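Protein chains in written order, with the working numbering: chain A, 263 to 698; chain B, 473 to 618. C-beta: ideal position from N, C-alpha, C; glycine also. Since the model is a prediction, treat every value here as computed from it, not as a measurement. Notes follow once the structure below has been shown.
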């Protein structure tokens, strides 16, 4: 048993040794590999050492760089401290700004409230705009309709245009005809010029004749004025002398005859004076001024009134408009008219004379109305004739020139004169002045 | 011939008018020294001592001349022109007498320097009054510079 154990042990140990040999061979192989690995690593370490030298140099450089950087950081730090202070200041400012923002917020709220109102307004306006849009749609339709109408009209215009072109052609034809007619007219004109020259010569001749006649008439009226008055003056004067110086030799009948002569010669003198006045007005030119009628009528009444001292005369001057005319001539008109009114109311207990004016169309109509003897309208056409009288001189004295003179003056003013009357009830004379 | 001072020179061609004028002046004691001439030519001869009045003392001037405007030969206006254009006579007052109211005559007379102008009225009463008033004014009231 011991040997067996020993053999077993020897076997085991041999086997162990074999195994270990194997293991050592494996280990030797591995060592060779490891040796190779070590060689390789040694080479790598050599490389690495070289790299480390380089890295070391790099580190030194980096250390230097870090020193520089630290200095820079100190500066940066200071800078940050300064920035902190600045930020504090800024924070204080921000608080103020914050308050401001709060205030602004409130304002914005107000504004928002206002905007709400404005919004409502806009909403209303939108509605209006919608309505308007609806209306525009209608208007648009209307326009469309009108456009169609215009198109129709355009079509019609094209037709009308064609018609015009046709008419133009007709007119051209007519123009050609007119040119021919014009030439004929020129011929006729030439003839007329010839005739005119003849007529002008005749006019010159006639004018000369008329001027001669006019001069004759002037010298005639001068003679009437001068030469007819002289013998009348002699008749009147010597009869007067007879009455004054030889009265005791005359009986009543002879004296009354002489009075008749005196009276009639005076009357003829008046007739001549009135006739001359009448013809003088015919020659006179109207020098137009603005005539203050109220003042004019008042002055006429003041001048005439003393001629009738014992009469009861009431004059009423109504509203009267100013007129444009020759002051002297217009005054003569009213002297004659108002003088007539005074005269022809002579047989009335109370004479009432009314003067005034009224407007009719563009004319100013003046009137003089009295309650006197009037006249018979049957003889109206004789009223304004020269030397025509509707009353005998026994009833009312006068020469029959007054109304004729009035008519002449008023005609010269482009106006009219007319009258209305009733016997014994009075007369009313009207004078119209144009454009006043 | 004509030694007394002439007061009125009446130049009037119409005998009747002259007679009536002289009578009116006489009635008012104004016709004591009155000369009546019958036309303008005679008036000029008298005033300037020519023709039939050659040698008359022309210093013996009338105090007033009554001059009818319308006369044969030389008219009143022509006489007036000569009188008013001559230094010897232009101070003698001249009264123009006429029957007419012709405006051109009145205007012409005033241009020539007439002193008065009278239209002879038909009525003798008025005529007499006018003549007498003018005579009185120029003989008695007015002081003509010598």
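Whole angstroms is fine: what's the gap from residue i's alpha carbon to residue j's?
i: residue 541 of chain A; j: residue 636 of chain A; result: 27 Å
i: residue 532 of chain A; j: residue 524 of chain B; result: 41 Å
i: residue 277 of chain A; j: residue 317 of chain A; result: 54 Å
i: residue 615 of chain A; j: residue 656 of chain A; result: 23 Å
i: residue 537 of chain B; j: residue 481 of chain B; result: 5 Å
i: residue 338 of chain A; j: residue 320 of chain A; result: 25 Å
i: residue 582 of chain B; j: residue 667 of chain A; result: 29 Å
i: residue 399 of chain A; j: residue 411 of chain A; result: 18 Å
i: residue 642 of chain A; j: residue 630 of chain A; result: 17 Å
i: residue 579 of chain B; j: residue 556 of chain B; result: 15 Å
i: residue 335 of chain A; j: residue 346 of chain A; result: 16 Å
i: residue 688 of chain A; j: residue 578 of chain A; result: 15 Å
i: residue 427 of chain A; j: residue 447 of chain A; result: 29 Å
i: residue 548 of chain B; j: residue 568 of chain B; result: 8 Å
i: residue 602 of chain A; j: residue 648 of chain A; result: 15 Å
i: residue 414 of chain A; j: residue 425 of chain A; result: 17 Å
i: residue 472 of chain A; j: residue 594 of chain A; result: 29 Å
i: residue 449 of chain A; j: residue 664 of chain A; result: 56 Å
i: residue 304 of chain A; j: residue 332 of chain A; result: 39 Å
i: residue 498 of chain B; j: residue 598 of chain A; result: 39 Å
i: residue 482 of chain A; j: residue 443 of chain A; result: 55 Å
i: residue 547 of chain A; j: residue 440 of chain A; result: 48 Å
i: residue 518 of chain B; j: residue 609 of chain B; result: 24 Å
i: residue 438 of chain A; j: residue 451 of chain A; result: 20 Å
Would you mind working out which of the options sits nearest residue i, comparing C-alpha positions?
i: residue 599 of chain B; options: B:489, B:479, B:478 and B:485; result: B:489
i: residue 696 of chain A; options: A:624, A:662, A:667 and A:653; result: A:624
i: residue 561 of chain A; options: A:283, A:600, A:646 and A:523; result: A:600
i: residue 571 of chain B; options: B:509, B:579, B:484 and B:591; result: B:591
i: residue 496 of chain B; options: B:596, B:610, B:614 and B:611; result: B:596
i: residue 492 of chain B; options: A:526, A:617, A:682 and A:501; result: A:501
i: residue 608 of chain A; options: A:651, A:686 and A:550; result: A:686
i: residue 587 of chain B; options: B:602, B:566, B:534 and B:603; result: B:566
What are the boundary residues of the beta strand (DSSP E) that residue i is part of?
i: residue 619 of chain A; result: 613-622
i: residue 551 of chain A; result: 551-553
i: residue 566 of chain B; result: 566-570
i: residue 518 of chain B; result: That residue, residue 518 of chain B, is in no beta strand (DSSP E); its alpha helix (DSSP H) goes 512-520.
i: residue 599 of chain A; result: Here residue 599 of chain A belongs to no beta strand (DSSP E); instead the alpha helix (DSSP H) covers 589-606.
i: residue 536 of chain B; result: 536-540
i: residue 630 of chain A; result: 625-632
i: residue 500 of chain B; result: No beta strand (DSSP E) contains residue 500 of chain B, which DSSP labels as neither H nor E.
i: residue 480 of chain B; result: 480-483
Is DSSP giving residue i helix, strand or coil here?
i: residue 533 of chain A; result: helix
i: residue 402 of chain A; result: helix
i: residue 570 of chain A; result: coil
i: residue 683 of chain A; result: strand
i: residue 678 of chain A; result: strand
i: residue 493 of chain B; result: helix
i: residue 548 of chain A; result: coil
i: residue 455 of chain A; result: helix
i: residue 526 of chain B; result: coil
i: residue 548 of chain B; result: helix
i: residue 614 of chain B; result: coil
i: residue 488 of chain A; result: helix
i: residue 586 of chain A; result: strand
i: residue 526 of chain A; result: helix
i: residue 638 of chain A; result: coil
i: residue 517 of chain A; result: helix
i: residue 561 of chain B; result: coil
i: residue 379 of chain A; result: helix
i: residue 661 of chain A; result: coil
i: residue 576 of chain A; result: strand
i: residue 648 of chain A; result: coil
i: residue 512 of chain A; result: coil
i: residue 473 of chain B; result: Confidence is the limiting factor: at residue 473 of chain B the pLDDT is only 43, short of 50, which leaves the residue's position unreliable and the question unanswerable from this model.
Go to residue i, then tell me how far its alpha helix (DSSP H) extends in each direction, as first and last residue.
i: residue 668 of chain A; result: 664-674
i: residue 598 of chain B; result: 596-608
i: residue 693 of chain A; result: Premise fails: residue 693 of chain A lies in the beta strand (DSSP E), 688-695, not in any alpha helix (DSSP H).
i: residue 588 of chain B; result: Premise fails: residue 588 of chain B lies in the beta strand (DSSP E), 588-591, not in any alpha helix (DSSP H).
i: residue 656 of chain B; result: This structure cannot speak to residue 656 of chain B, because chain B is shown only from 473 to 618.
Who are the neighbours of residue i on chain C, taking C-beta pairs under 9 Å?
i: residue 495 of chain B; result: The structure shown has no chain C; the protein chains it does contain are A and B.
The region 572-588 of chain A in contact with the region 644-663 of chain A per 3-pair CB rule at 8 Å
no
So, do the region 665-672 of chain A and the region 536-554 of chain A have three or more beta carbon pairs nearer to each other than 8 Å?
yes
The region 552-569 of chain B touching the region 487-499 of chain A, judged by at least three CB pairs closer than 8 Å:
no
Are three or more beta carbon pairs between the region 522-530 of chain A and the region 552-566 of chain A nearer than 8 Å?
no
Report yes or no: do the region 511-531 of chain B and the region 513-526 of chain A share at least 3 C-beta pairs separated by less than 8 Å?
no
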